[in-house]
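Participant: Structure in structure tokens, see below.
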Amino acid sequence: MSELPEGVERRPFDGDDRLATRGEPVYGEPTAAGWRAWDARRSKLGAMLETGMDVGLAGGERVLYLGAASGTTVSHVADFAGPTYAVEFAARPARDLLDAAASRPRLFPLLKDARKPETYAHVVEPVDVIVQDVATRGQAAVANANATFLDDDGRLLAAIKARSEDVTAEPGDVFEAALATLEEQYEIVETARLEPFHEDHLGVVATPR
Amino acid sequence: MDVALTGEPFTEGRARGAMNDDAWFAGLDPGDTEAAAERVRDGSAAAPDEWPTLAVDTDFAESEADYYDALHDATMHATRAAVQKAERAGDRQLVHAVRAMDDCERTANEIAERVQEWAGSLFEDAGTGVDGARELAERDPATPTERRVVALAERVVDLDDEAEELRAYIERTAPEVAPNLAALASPVLAARLIALAGGLESLAKKPSGTIQVLGAEDALFAHLRGRAPSPKHGVIFTHEYVRGTRPEDRGSAARALAGKLAIAARGDHYRGEYNPEIERQLEERMATIRARGDGNE
Chain A
1 MSELPEGVER
11 RPFDGDDRLA
21 TRGEPVYGEP
31 TAAGWRAWDA
41 RRSKLGAMLE
51 TGMDVGLAGG
61 ERVLYLGAAS
71 GTTVSHVADF
81 AGPTYAVEFA
91 ARPARDLLDA
101 AASRPRLFPL
111 LKDARKPETY
121 AHVVEPVDVI
131 VQDVATRGQA
141 AVANANATFL
151 DDDGRLLAAI
161 KARSEDVTAE
171 PGDVFEAALA
181 TLEEQYEIVE
191 TARLEPFHED
201 HLGVVATPR
Chain B
210 MDVALTGEPF
220 TEGRARGAMN
230 DDAWFAGLDP
240 GDTEAAAERV
250 RDGSAAAPDE
260 WPTLAVDTDF
270 AESEADYYDA
280 LHDATMHATR
290 AAVQKAERAG
300 DRQLVHAVRA
310 MDDCERTANE
320 IAERVQEWAG
330 SLFEDAGTGV
340 DGARELAERD
350 PATPTERRVV
360 ALAERVVDLD
370 DEAEELRAYI
380 ERTAPEVAPN
390 LAALASPVLA
400 ARLIALAGGL
410 ESLAKKPSGT
420 IQVLGAEDAL
430 FAHLRGRAPS
440 PKHGVIFTHE
450 YVRGTRPEDR
460 GSAARALAGK
470 LAIAARGDHY
480 RGEYNPEIER
490 QLEERMATIR
500 ARGDGNE
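Residue numbers (the numbering used here), protein chains in the order written: chain A, 1 to 209; chain B, 210 to 506.
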């Protein structure tokens with residue numbers, strides 16, 4: 001199992017050791033002694049850490065988070081990372097994202113379309129890590145479009161959701177197609193299915209070409 | 210990241226960046242959050258840059274920490290304003306949008322067929338469908354006749370692009386108008402259901418049996434006249450829970466989904482708050498229904 005980033009620890013909650021970060025609670029997660037449990041079932045990045053993928057996070061990185069939704073995962077990321085840019089396309093979840101960002105001065109919420117990086121390139125600086133969890137068609141294309149933000153020695157941590165691409169196709173086929181597209185811009189370092197935490201999701205670690 | 214401060218390894222970026230007018234803070238008064246928010250919302254740049262360093266170099270901020278504080282204020286302000294504005298969009302707009310999207314798609318396909326017919330008589334390698342029209346629209350017409358065919362193909366491209374724009378608009382607005390329906394059914398299916406019912410309020414007042422067959426009115430009335438079996442599902446067939454369930458169990462799946470959609474529509478209309486419990490219950494029910502198939506094999 002690879003090491004956890006600084007600021008992420010396994011802490012006991014009701015007798016179970018669970019991933020946790022330090023920060024204001026966001027979504028009613030259990031807390032203990034200033035730590036808040038990070039539920040791998042509600043977070044693909046949490047699942048990637050939980051399954052021992054080599055995400056290469058040390059803590060303190062500059063992060064661009066695509067598909068921040070209500071801020072569940074990005075709030076944990078902001079707890080251990082440096083400046084964190086959270087892009088979300090839909091207004092309703094962005095309302096909750098604002099609540100998560102209110103107590104995190106280095107979490108920057110942006111109501112933008114991740115398919116159009118030019119609409120936030122005037123705000124987002126080059127980053128060390130892109131975390132991607134967008135549930136739309138063309139997930140690999142989104143990662144490619146945003147490669148411009150990633151430093152040469154940076155990393156892409158993406159969760160590909162098979163059902164978002166094609167509900168009728170075999171997840172294995174969908175993943176293969178997505179990886180082929182990703183390889184236009186990235187070198188794939190590692191992939192792993194995120195079961196049992198998330199069904200039909202593929203975790204991907206990649207570096208820019 | 211400190212490397213950028215020295216200037217050397219990033220000479221190219223810095224030379225361009227030294228006066229990068231694309232920056233959200235370019236020319237702004239550091240205290241003017243209102244103007245900053247507007248720039249965050251409406252600005253753009255071809256590529257990112259070392260904005261924190263630039264902000265300090267151009268005296269917008271005293272330090273990186275100072276810059277990030279200003280950025281936090283500006284992004285919070287911009288996003289809050291945009292969220293408030295978007296949430297005022299109503300279900301009527303959604304109904305118009307989903308109908309317009311269908312119109313665009315249908316018309317694009319119809320004209321693409323005409324283009325294909327016509328282009329086949331002029332060009333050797335004319336493709337089919339909307340994709341074929343897209344290729345054709347790129348051509349340089351050599352004769353007045355070809356000009357008409359290419360122009361027609363361009364109309365197909367425009368319509369197809371607009372259908373995509375409308376889909377994006379629906380994906381953005383449906384979760385605000387009907388958070389539970391959009392979560393349970395997908396934004397586009399949620400919009401279709403609202404359109405078929407004639408509005409969110411009337412959808413919220415329909416029994417689940419009606420929601421189950423919305424969009425299958427022809428089959429339903431044939432059944433009511435005694436000429437056909439009862440339809441198991443209407444537009445909700447496009448949902449993975451129905452389509453992805455084996456045919457013997459699709460009736461059960463459609464009934465379970467329609468039941469939760471009815472609850473979701475009522476939650477959206479009367480409370481307007483997202484309730485993850487509905488989705489969880491449906492997942493549980495679907496697991497039971499799908500387990501039937503697994504046991505028999």
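The beta-carbon is built from N, C-alpha and C at its ideal position, and this holds for glycine as well.
How long is the line joining the alpha carbons of B:Ala406 and A:Leu97, rounded to whole angstroms?
Facilitator: Taking the first residue of the second sequence as 1, we reach residue 406 of chain B at position 197. Taking the first residue of the first sequence as 1, we reach residue 97 of chain A at position 97. So the two alpha carbons sit approximately 32 Å from each other.
Participant: For A:Thr148, which of A:Arg42, A:Leu157, A:Gln185 has the nearest alpha-carbon?
Facilitator: Counting from one through the first sequence, the residue named residue 148 of chain A turns up at place 148. The option with the nearest alpha carbon to A:Thr148 is A:Gln185.
Participant: Across which residues does DSSP place A:Leu150 in a beta bridge pair?
Facilitator: Along the first sequence, one-based indexing puts residue 150 of chain A at 150. According to DSSP, A:Leu150 bridges with A:Val127.
Participant: Looking at the structure shown, is A:Val26 part of a helix, part of a strand, or coil, going by DSSP?
Facilitator: In the first sequence, residue 26 of chain A corresponds to position 26, counting from 1. Coil, per DSSP.
Participant: Could I get the ranges of all uninterrupted alpha helix (DSSP H) runs contained in the stretch 150-200 of chain A, with 4 residues as the minimum, in chain order?
Facilitator: 162-165, 171-182
Participant: Helix, strand or coil for A:Asp16 per DSSP?
Facilitator: Your numbering for residue 16 of chain A matches position 16 in the first sequence. DSSP places A:Asp16 in strand when its eight states are reduced to three.
Participant: CB A:Glu29 to CB A:Asp39, shorter than 8 Å?
Facilitator: Locating residue 29 of chain A in the first sequence gives position 29, counting from the first residue. Locating residue 39 of chain A in the first sequence gives position 39, counting from the first residue. Against a cut-off of 8 Å, the Cβ pair of A:Asp39 and A:Glu29 comes out as a contact.
Participant: I need the boundaries of the alpha helix (DSSP H) containing B:Ala399, first residue and last residue.
Facilitator: As a first step, residue 399 of chain B is located in the second sequence; it is residue number 190 there, counting from the start. First-last of the alpha helix (DSSP H) with B:Ala399: 396-406.
Participant: At a Cβ cut of 9 Å, what residues of the stretch 367-382 of chain B count as close to chain A, listed as they run along the chain?
Facilitator: Answer set for the stretch 367-382 of chain B: Ala377, Glu380, Arg381, Thr382.
Participant: Whose C-beta lies closer than 8 Å to the C-beta of B:His522 among residues of the same chain, with five residues either side of it excluded?
Facilitator: In the structure as shown, chain B starts at 210 and stops at 506, and residue 522 of chain B therefore has no counterpart that could be examined.
Participant: Establish whether the CB of B:Ser272 and some CB of chain A are separated by less than 8 Å.
Facilitator: Counted from its first residue, the second sequence places residue 272 of chain B at position 63. Not an interface residue.
Participant: Going along the stretch 38-61 of chain A in order, which residues come within less than 8 Å of chain B, judged by CB to CB distance?
Facilitator: none
Participant: Select from B:Leu470, B:Glu380, B:Arg301, B:Leu280 the residue whose C-alpha is nearest the C-alpha of B:Lys415.
Facilitator: Sequence index remark: in the second sequence, residue 415 of chain B carries index 206 (1-based). If you compare the alpha carbons of B:Leu470, B:Glu380, B:Arg301, B:Leu280 with that of B:Lys415, the shortest gap goes to B:Leu470.
Participant: What residues from the stretch 108-129 of chain A come within 7 Å of chain B, judged by C-beta to C-beta, listed N to C?
Facilitator: Phe108, Pro109, Leu110, Leu111, Glu118, Thr119, Ala121, His122, Val123, Val124, Glu125, Pro126
Participant: Evaluate contact between the stretch 106-117 of chain A and the stretch 277-294 of chain B, counting only Cβ atoms and requiring at least three cross-stretch pairs below 8 Å.
Facilitator: yes
Participant: Where does B:Thr215 land, buried or exposed, given buried means 16+ other C-beta within 10 angstroms?
Facilitator: Against the second sequence, residue 215 of chain B aligns to sequence position 6. Per-residue confidence for B:Thr215 stands at a pLDDT of 41, beneath the threshold of 50, marking its modelled position as unreliable; the derived number appears in the next sentence. Classified as exposed, B:Thr215 has fewer than 16 neighbouring CB atoms from the shown chains inside 10 Å of its CB.
Participant: If you compare alpha carbons, which of B:Glu385, B:Ala255, B:Ala274 is closest to B:Ala264?
Facilitator: For this step, residue 264 of chain B is matched to residue 55 along the second sequence. The option with the nearest alpha carbon to B:Ala264 is B:Ala274.
Participant: Indicate, with yes or no, if the ligand ZN has a heavy atom lying under 7 Å from the CB of A:Leu157.
Facilitator: Ligands are entirely absent from the displayed structure, and the ligand ZN is therefore not among its contents.
Participant: So, under 8 Å CB-CB, A:Ala135 and A:Lys116 are touching, yes? Tell me the CB distance rounded to an integer number of Å.
Facilitator: For the purposes of this step, residue 135 of chain A is taken as the residue at position 135 of the first sequence. For the purposes of this step, residue 116 of chain A is taken as the residue at position 116 of the first sequence. Rounded, the Cβ-Cβ distance is 17 Å, inconsistent with contact.
Participant: Report the residue ranges of all beta strand (DSSP E) runs contained in full by the stretch 289-330 of chain B; include only those spanning at least 3 residues, in chain order.
Facilitator: none
Participant: Could you give the DSSP three-state label for A:Pro109: helix, strand or coil?
Facilitator: Here residue 109 of chain A corresponds to residue number 109 of the first sequence, with the count starting at 1. Assignment of A:Pro109 by DSSP, reduced to helix, strand and coil, places it in the strand class.
Participant: Which same chain residues end up closer than 7 Å to B:Ala500 when comparing Cβ atoms and leaving out the 5 residues on each side of it in sequence?
Facilitator: Working through the second sequence from its first residue, we reach residue 500 of chain B at position 291. For B:Ala500, where only same-chain residues beyond five positions count, there are no Cβ hits under 7 Å.
Participant: Fully enclosed by the stretch 387-468 of chain B, which alpha helix (DSSP H) runs are 4 residues long or longer?
Facilitator: 388-394, 396-406, 409-413, 417-422, 426-433, 449-452
Participant: Considering only the alpha carbon of each residue, which of B:Arg381, B:Ala362, B:Val444, B:Glu373 lies closest to B:Ala404?
Facilitator: On the second sequence, residue 404 of chain B is found 195 positions in, with the first residue counted as 1. Ranking the options by Cα distance to B:Ala404, first place goes to B:Val444.
Participant: Can you pull the chain A neighbours of B:His281, defined as C-beta to C-beta under 8 Å?
Facilitator: If you number the second sequence from 1, residue 281 of chain B lands on position 72. The contacting residues are Ala101, Pro105, Arg106, Leu107, Phe108.
Participant: Hey, does B:Trp260 have any beta-carbon neighbour from chain A nearer than 8 Å?
Facilitator: In the second sequence, residue 260 of chain B corresponds to position 51, counting from 1. Yes - at least one Cβ of chain A is within 8 Å of the one on B:Trp260.
Participant: Give the range of the beta strand (DSSP E) segment to which A:Thr84 is assigned.
Facilitator: Within the first sequence, the letter at position 84 stands for residue 84 of chain A. Counting along the chain, the beta strand (DSSP E) containing A:Thr84 begins and ends at 84-88.
Participant: Around the C-beta of A:Thr21, are 16 or more other C-beta atoms found within 10 angstroms, so that it is buried, or is it exposed?
Facilitator: Residue mapping note: residue 21 of chain A aligns to position 21 of the first sequence, counting from 1. Classification of A:Thr21: buried, given that the 10 Å Cβ count is 16 or more.
Participant: Would a C-beta distance cut-off of 8 Å place A:Arg155 and A:Glu187 closer than the cut-off?
Facilitator: Position 155 of the first sequence, counted from the first residue, corresponds to residue 155 of chain A. Position 187 of the first sequence, counted from the first residue, corresponds to residue 187 of chain A. Not a contact, by the Cβ cut-off of 8 Å.
Participant: Once the 5 residues before and after B:Ala287 are set aside, which same chain residues still bring their CB inside 7 Å of it?
Facilitator: Numbered from its first residue, the second sequence carries residue 287 of chain B at position 78. So the qualifying residues of the chain are Ala246, Val249, Arg250.
Participant: Please state whether the Cβ-Cβ distance between B:Ala400 and B:Ile379 is less than 8 Å.
Facilitator: Stepping through the second sequence from its first residue, residue 400 of chain B is reached at position 191. Stepping through the second sequence from its first residue, residue 379 of chain B is reached at position 170. In contact: B:Ala400 and B:Ile379 (Cβ atoms closer than 8 Å).
Participant: Can you tell me which of the three DSSP states A:Pro208 falls into?
Facilitator: Position 208 of the first sequence holds residue 208 of chain A. Three-state DSSP puts A:Pro208 in a strand.
Participant: Does any C-beta atom of chain A lie closer than 8 Å to the C-beta of B:Arg289?
Facilitator: As a first step, residue 289 of chain B is located in the second sequence; it is residue number 80 there, counting from the start. At a cut-off of 8 Å, the C-beta of B:Arg289 has a neighbouring C-beta in chain A.
Participant: In angstroms, rounded to a whole number, what distance separates the CA positions of A:Val8 and B:Glu259?
Facilitator: Stepping through the first sequence from its first residue, residue 8 of chain A is reached at position 8. Stepping through the second sequence from its first residue, residue 259 of chain B is reached at position 50. Cα atoms of A:Val8 and B:Glu259: separation of roughly 28 Å, rounded to the nearest angstrom.
Participant: Does DSSP put B:Gly341 in a helix, in a strand, or in coil?
Facilitator: In the second sequence, residue 341 of chain B corresponds to position 132, counting from 1. Residue state, collapsed to three classes: helix.
Participant: Which residues, taken in chain order from the stretch 64-92 of chain A, show a beta carbon closer than 7 Å to some beta carbon of chain B?
Facilitator: Here the close residues are Pro83, Phe89, Ala90, Ala91, Arg92.
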